[in-house]
Each structure stands twice: as structure tokens, then as C-alpha cells.
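**Student:** The listed protein sequences correspond, in order, to chains A and B. The first sequence: position 161 = 162 (this note's numbering), numbered continuously. The second sequence: position 236 = 1417 (this note's numbering), numbered continuously.
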Amino acid sequence: MSDPIVRAAGLTRTVELPDAEPLRILRGVDLEVAVGDHVSIMGRSGSGKSTLLNILGLLDAPTDGTLEFDGVPLQRMSAGRRDRTRGRNVGFVFQQFNLLPGRTALENVEMPLLYDGGRSFWRRRTLAAEMLERVGLGARLEQMPDRLSGGEQQRVAIARALIRSPRLILADEPTGALDVETGAVIMDLLDHIATQAGAALITITHDPHVAARAQRAYRLADGVLHETSPVLEPAAAGGVA
Amino acid sequence: MSALTSVAGSLAEAWQELRVHRLRVLLSLVVVAVSVAAFTAVVALGQMLSQGFQEQMERGGGRPALISLTAYDAGADPSGAPKTPDGTALDAAFQRTTERFGVEWTSRVAWLDAQLPGGGFAGMQAVDPDFGVMRRVPIVQGRWFTDADADRLVPAVVISENWWKSLGSPAMAAHPTVELSLSTWAPDGTQTAPVQAEAVVVGVTTSTDGPDSYAGYVIYEDIVAIAGPTISANADRQAWIPLEGADELMEALRVSFGSSLSSGMQAEAYRTDYVFQQEQGYDPFGPMFLVLGGIASLILALGGLSLLNITLVTVRHRIREIGVRRSFGATGARVFISVMLESVVATVIAGGIGIVVVILGLRLPIVTETIFMGLQEPPAFPMSAAITGLLVSAGVGALAGLVPALVAVRVRPIDAIRY
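1) Specify, as a first and last residue, the run of the alpha helix (DSSP H) that Gln1447/B falls within.
2) Enumerate in chain order the residues of its own chain whose CB-to-CB distance from Gly1485/B is below 7 Å, with the five nearest sequence positions on each side excluded.
3) Starting from the C-beta of Ala1586/B, find all residues in its chain whose C-beta is less than 7 Å away, skip the five residues before and the five after it, and write them out in chain order.
4) Should Gly1535/B and Val1318/B be called a contact, given that it needs their Cβ atoms to be closer than 8 Å?
5) Would you say Pro19/A reaches chain B, if we count a Cβ-Cβ gap shorter than 8 Å as a contact?
6) Could you say if the region 205 to 219 of chain A and the region 165 to 179 of chain A meet the contact criterion of at least three C-beta pairs nearer than 8 Å?
7) Could you say which of Arg135/A, Ala10/A and Trp123/A lies nearest to Leu75/A if we only look at CA atoms?
8) Compute the Euclidean distance between the alpha carbons of Thr1528/B and Gly1227/B, then round it to the nearest angstrom.
9) Any idea if Gln1419/B is buried or exposed, counting beta-carbon neighbours within 10 angstroms, 16 or more meaning buried?
10) Would you mind reading off the limits of the beta strand (DSSP E) that contains Asp189/A?
11) For Val16/A, list the residues DSSP reports as bridge partners.
12) Is the CB-CB distance between Gly1510/B and Gly88/A below 8 Å?
13) Work out the CA separation of Gly1397/B and Gly1532/B for me, nearest whole Å.
14) Name the chain B residues whose beta carbon is nearer than 8 Å to that of Ala80/A?
15) Using a 10 Å radius around the Cβ and a threshold of 16 neighbouring Cβ atoms, would you call Thr1495/B buried or exposed?
16) Interface residues of chain A around Thr1186/B at Cβ under 8 Å?
17) Taking the CB atoms as reference points, tell me whether Gly49/A and Ile26/A lie closer together than 8 Å.
18) Rounded to whole angstroms, what is the Cα-Cα separation between Ala242/A and Leu1488/B?
19) Looking at Val1382/B: is its Cβ nearer than 8 Å to the Cβ of Val1359/B?
20) Out of Arg124/A, Arg8/A and Met132/A, which one is the CA nearest neighbour of Val73/A?
21) For the alpha helix (DSSP H) that contains Asp84/A, what are its first and last residues?
22) Does DSSP put Ser1394/B in a helix, in a strand, or in coil?
23) Count the other CB atoms, across all protein chains shown, that sit within 10 Å of the CB of Leu53/A; report buried if there are 16 or more and exposed otherwise.
24) Between the region 1199 to 1213 of chain B and the region 1465 to 1479 of chain B, do at least 3 Cβ pairs fall closer than 8 Å?
25) On the premise that Glu1449/B lies in contact with Thr1251/B, defined as a C-beta separation below 8 Å, what is that separation, rounded to the nearest angstrom?
26) What's the gap between the Cα of Leu1192/B and the Cα of Arg168/A?
27) Whole angstroms is fine: what's the gap from Ala198/A's alpha carbon to Ala1575/B's?
28) Does Ile1598/B have its Cβ less than 8 Å from a Cβ in chain A?
29) Could you give the DSSP three-state label for Gly66/A: helix, strand or coil?
30) May I ask you to list the residues that DSSP assigns as paired with Gly44/A?
31) Would you mind giving the Cβ-Cβ distance between Asp1254/B and Gly1409/B, rounded to the nearest angstrom? I have them listed as a contact below 8 Å.
32) List, in order along the chain, the chain A residues whose C-beta lies closer than 7 Å to that of Gly1190/B?
33) Against chain A, does Pro1468/B count as a neighbour if the rule is that its beta carbon must be under 8 Å from one of theirs?
34) Would you list the one or two residues that DSSP bridges to Leu1366/B?
35) Which residue from Glu1236/B, Gly1283/B and Thr1278/B puts its Cα closest to that of Met1315/B?
36) Taking 8 Å as the threshold (C-beta atoms), are Ile1400/B and Leu1293/B in contact?
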């Protein structure tokens, strides 16, 4: 395995509650992800999957434990540097797409390049158009999100996540809002583009079919991360969660 | 990221936001445009009215810097009565002094009473032709005196509008005449014997007093020729000098004037213009600017609060969007600048529109004719008011954007995405 992009060791995340015991969402999570890895993390709703993803994507900070991004401990990063590192290296794909309303597909995809410097910033429209072409939406550049189907919206979201050539793609239930067939197509696309770009892909899901696509699979239960087999178990193969 | 791309990116983002949130922008535009227009109009009107007042004050006290040179005999008369100075000598000394210092605009001023044939009196001033410029005497019919008027066989007179109307408003081309019975005052305060004169009306000026209070101007030299040198003994001598270094020049003129007179005569000089009054601590425009400034600030504060309200509501609606932007690399500073810029860009555009509306509105003939009626030089729209309006609109935008920008920065990205 090449040098990890993210290395988490003993991550815990606790939330203080006003009239109750503190809620321990993550309890000593260890995880290493390197370039080219495809990792899936499964778990029930409320198991802490999204919290882990947010910490790995530098959107949230652990209560305890260490997190290194590209070998730099999170504690040594200022807020601004964390934001810039996230912008340069991490691409998010959300369950609800989170496209910016009122902006065309093209404007949504070029948005991350507004925070980039140099040539990419000035060529953002061209780059965004090329990226949309790659996800099969070359003919729908000027469409508003509300005029696109769920699958198309998620394609736009994938194009947006990849526009800055991130080294880590974090997909939070990417097929959660799609039907089975469209979900499969989207996952094919995501896998293909991530492989082509040489980026690491971490997919959060509770769908065993989606999890089975990964090289490594984990299950998060009660805040503890266990490595499992990525192969689809016969019990799960019959239906989609 | 380079500073250039950062600025360009922030502007692009702000512009995109404005384009997307058209309705809100339109509301902001209306609110800001109206308040900036009101602010600019008040500031501009204040400045324009002060120019108008300035012209009025220049009629009363002369254009800055206007000085008055007088002289009196310091020695006591054996009878105890004030000595009568030699008016002719005073005029000669005044002429020598002003010529020596290259003062171009001078006038002697003497006051007379004119009894009119139909009964009633007119307050007359005997002046030199320069007086019209030095005191901005407004002419509504005909013209002011020229140097050639002194050579007329019949004295020329400029009369007040109400006097002219009492004559039946005759055309100047018909060379209307008036019969005057003129008398003046000796230094001891007694009225001199009246002298009869017929004068031809060459111009009509505005009436300054009540409808039955007539006034007029005659040429100083004509009156000296008619009434004798007594009039010059009691006359005032005025000069319009450059404002810069006025006090030094005034003192030099006083000394020179005094040294040109016979021994025992004391020369005095003083300024009568409004600028001198301001220098002495009396600002005639101060209260007006205070009131107008208060009104303008109130209007602006109301506009700013409305804008703040709209912007705050918008930021609350945009929390998820801000979270998404943060997740794609927007730093806290960048979000702050974008929200601020959005507000500033909107208010500057709106302010610009408001200012253009005010400029066009104040140029309408109906407005200028109503507000600046009777002024020799109707004031132009002051560019400083436009620049102030633009700066103020940017300032209001920045202030109204500050609170929402702080709210936007404080939002945690993960909370914002789930919002």
C-alpha cells in the first residue's frame, strides 16, 4: 500500500447532551486509506457513519485520537489550511446531491474552482463542461438542477466532486436517493471515474450491493469500526437495504 | 491561491449570488436606491441651497472678501460737533490707494432718500458701476450700470421691481423716466435740502423689502454732480479683494488710505462678507447643514436596517449552500468576504441608480425654476454629493453585510449541510 492520504488512529467523537450522559458516537476508530483504495463503510442509521466521513473529510474534528491528512496531523492545521486542504484534496458526494439551487449544472460543477487559483480558476467553465461531458451530461450543461432527474443530479454532484482532481472522494450514501438501477449506474460511474483519476474512494452506505463493490469493507457498529469481507453475503444478495 | 484569483473569485461568487437571488436583490435595490436617492437629494439640495443662500448673503454683505474703508477726523471740533471730512479728498485717497494695490473692483456707496412725485419714499444708494458685480445685484429687466452711463446728460437709475410695477411696468426700450427729490444726511445726522432730478430707468432689480417699500440705485458721480460734495463726505468706500491674504491686504489698504489723508484723519477698514462672519465663529449655514444631515442620516439608517433585515433572512435561507461551499474548500474568510461583497455590490449598484435618478430629477426645469428662482447663477448638481452618496451606499452595504457575514462564518459546515 502506498503512503496513506488519511490515517486515523483511536478516533473518538463525543457529543455533550444537555440533560443526559455524553453521547459517544465513535469509539477508537482506526483507518488508513491510500491513493487508489476503494473502501466502503456500512452501518445502521445513527451508527456514526456520516460523523466519521465528516472527520475524514476535515469538516469535523475528533474529540480524541489522531487524524493525519497527507502525513500532517489535524491538530497542526489552522482552520484556513484545513479548508484549503479539503478544497484541494477532497471531493464530496452527498446523498441528497446538495446542488446549489438556481445555478445551472455547469455553474454547480465550476463552483469548487472558484476556490482554486491560477489557470484552473480562469478556465473553470471549460473544465466544468469537460467534466460534465465525462459523466454523460454534455448536452445538459445549462439545465437547472430541478429540471434534472435524480440520477442526473447525482452525476452533476460527481462531476462537481471530481472537478479539482481530488485524491480522496467521500461519498455519503450516494445511491440513497436513487432507485436500484440508477444507483447501480451511478456507482459504476463513480468507481470508474475514481479509478481513472487514481483517487481513493470511501463510500458510506447501508446498501450491501454498494459496499460489495469496494476492495475493503468496514462495518460501523456502536461507534466501533470492524473490517469485514467486501464480498456480498448470500443473505444480503437477495435485496437491497 | 493568488490574491487576484481570490478577489476575482469572490466577485464572481457575489455576482452569481445576486443573479440567482433576483427577487431579494430587487428588494434590496429598491430599498437602497430609495434611501441613497433620498440621502443624495438631501445632501445635494443642502449644498445647492447653501449656494443659493451664499448668493443672497453676497447681496447683503458683498462677495468675499469685501472690505469697507472709512475715515474720520480724530480731532475735536471747537463746537463739539463731528467734523465734516473732505469727501473729495477721501475719494481721491481711495482711488490712489486701490490703484496702487491693483484692486480692480471698487465702489463708493452713499445713501439717499428720494421723495417720489406721487407720494412715498424710495431708499436710494449712489454707487459706482462695479457695485453690481461686487454685490451680485440681480437684474430682472433692462441692465445694470455701465461706465458709459456716467456720461449721460440725464442720470441713470436702476429701480426695484415694485417701484417699476407702480409705474405701469414700462418697457426699458421706451426709456422711462422718474422724477426724484433727493436728500442725504450730513455727518451730524441732519438731512440736507432736497435737490430735484429726473432720471432715466435703465434696469429693474428685485424688491427686497415690503411691497410699498421702494428702492433704487443711482450713479455716484451723477449724484455728486447734482447734490454737491456733501454726499461724498458721508459715503462708504468698498473694495472687492481676493479672499486669500484678504486680511493682510486690507490692513495694507487701511494704512495706505490713512497716509493719503490729511493729518488728524484716522482710517478704518473692516470686512462685511459672510466668509468673515464664518471666520468669526458665526456660521450661517451650520444649523441648516445640521438639520439636513440629521434627516439624511435618518433616511440612510432606515434604508440600512431594511437591507440588514433582508440580508439576514437570506443568509438563513442559504445556510445549506454555505455548508456546501465550505465542504468544497471555501474558507471562513472567503465566505465572509463573499457575503459582504454581495451586499456591497448590490448597494453600490442600487446607490448608483438612486444617484442618477436624483441628478436627473434635480435637472428638471420645474425643480430648478421653483427652488432657485431669482438666482444669478443657479447652482449645478454638486458632484461631491454624488460621490458621497456612492461612498455612503458602499458603507451601508458593508455595514448591512457585516452581521449576515458573521452569521455565515459562524455556521459549522456539517450543521449547514444537514440544515
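Ideal Cβ positions, reconstructed from N, Cα and C, are used throughout, including at glycine. In this text, all values refer to a predicted model and were calculated from it rather than measured experimentally.
**Tutor:** Working from what's here:
1) Element bounds for Gln1447/B: not the alpha helix (DSSP H) but the beta strand (DSSP E), Met1446 to Arg1452.
2) For Gly1485/B, where only same-chain residues beyond five positions count, the Cβ hits under 7 Å are Val1577, Leu1580 and Ala1581.
3) Taken in chain order, the residues that qualify are Phe1517, Val1520 and Met1521.
4) Judged by beta-carbon spacing, Val1318/B lies beyond the 8 Å limit of Gly1535/B, meaning their Cβ atoms are not closer than that value.
5) At a cut-off of 8 Å, the C-beta of Pro19/A has no neighbouring C-beta in chain B.
6) Touching, yes.
7) Ranked by Cα distance from Leu75/A, the first of Arg135/A, Ala10/A and Trp123/A is Ala10/A.
8) As the crow flies, the alpha-carbon of Thr1528/B is around 23 Å from that of Gly1227/B.
9) Its Cβ being crowded by 16 or more others within 10 Å, Gln1419/B is buried.
10) No beta strand (DSSP E) holds Asp189/A; the alpha helix (DSSP H) holding it covers Val181 to Ala198.
11) Answer by DSSP bridge pairing, in chain order: Leu24/A.
12) Taking 8 Å as the Cβ cut-off, Gly1510/B and Gly88/A qualify as a contacting pair.
13) Spanning the two alpha carbons is a distance of roughly 49 Å.
14) Residues of chain B passing the Cβ test: Thr1512 and Gly1513.
15) Flag for Thr1495/B reads buried.
16) One finds Asp117, Gly118, Gly119, Phe122 and Trp123 in chain A with Cβ atoms closer than 8 Å to the Cβ of Thr1186/B, taken in chain order.
17) A contact, by the Cβ cut-off of 8 Å.
18) Residue placement at Ala242/A is flagged as unreliable, the pLDDT there being 34, under the threshold of 50; the coordinate-derived value follows with that caveat. The C-alpha of Ala242/A lies about 48 Å from the C-alpha of Leu1488/B.
19) In this structure, Val1359/B lies closer than 8 Å to Val1382/B by Cβ.
20) When C-alpha distances from Val73/A are compared across Arg124/A, Arg8/A and Met132/A, the shortest belongs to Arg8/A.
21) Counting along the chain, Asp84/A sits inside the alpha helix (DSSP H) bounded by residues Ala80 to Asn90.
22) Residue state, collapsed to three classes: coil.
23) With 16 or more Cβ atoms within 10 Å of its Cβ, Leu53/A is classed as buried.
24) In short, these stretches do not touch, since the Cβ pair count stays below three.
25) Approximately 5 Å separates the beta-carbon atoms of Thr1251/B and Glu1449/B; this is inside 8 Å, confirming the contact.
26) Pairing Leu1192/B with Arg168/A, the inter-Cα distance amounts to about 28 Å.
27) Cα atoms of Ala198/A and Ala1575/B: separation of roughly 45 Å, rounded to the nearest angstrom.
28) Output row for Ile1598/B: interface = yes.
29) In the three-state reduction of the DSSP assignment, Gly66/A falls in the strand class.
30) Answer is Leu221/A, bridged to Gly44/A.
31) That pair is no contact at about 20 Å.
32) Residues of chain A passing the Cβ test: Leu115, Tyr116 and Phe122.
33) So no, Pro1468/B is outside the interface.
34) In the sequence on display, residue 1366/B carries Trp and not Leu. Under DSSP, Trp1366/B takes part in a beta bridge, and its partners are Gln1372/B.
35) The option with the nearest alpha carbon to Met1315/B is Glu1236/B.
36) Not closer than 8 Å, so no.
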